[in-house]
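I have placed the structure first, in the form of structure tokens, so that the comments after it can refer back to it.
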Amino acid sequence: MGARYQIIVVPFLKVTGMALYPFILVNKKELLNNAVVINHERIHLRQQAELLVLPFYILYLLNYLVNLAIYHQHNKAYLNIVFEREAYAKEQAMLYLKHRKWFAWASYF
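Taken in order, the sequence shown gives residues 7 to 115; the numbers are from the numbering used here.
Put into structure tokens, the structure is as follows:
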């Protein structure tokens, strides 16, 4: 996937960053140079690309809803979404996407 993404600053965004294929949205200009945040979102872009985008969002939402039923807390439900588990686990590994296997997120179930 290379560097085929655009980073857009969205000041009213209620989260630090978000991957919305093929864009990365951040809520502050300072985050444009935050390698960890950008890498986290790049991992999500890869996940979205390999699932052909729309199925990613469907699986993301379903996983969140199942987690919400299990944990009864938004934060725990969010942090246990398999896509987030992979992104948080590997966000500091800047070369991760060069060596990442397809559907690596599946190992986080």
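Note that CB positions come from ideal geometry on N, CA and C, so glycine has one too. Computed from a predicted structure; not experimentally measured.
Asked	Found
Spatial distance of E56 from N40 (CA atoms)	25 Å
Nearest-angstrom Cα separation, counted from E92 out to H80	18 Å
Per DSSP, the bridge partner or partners of L26	F29
Unbroken alpha helix (DSSP H) run spanning Q53, endpoints	A41 to E56
Close Cβ partners of A110 (< 8 Å) along its chain, the five nearest in sequence each way excluded	E92
Of the listed residues R52, Y84, K96 and K20, nearest to L67 (C-alpha basis)	Y84
I64 beta carbon less than 8 Å from that of K96	no
Through-space distance from Y70 to N86, alpha-carbon basis	8 Å
Sequence-distant residues of the same chain with beta carbon closer than 6 Å to N73, five excluded per side	A83 and N86
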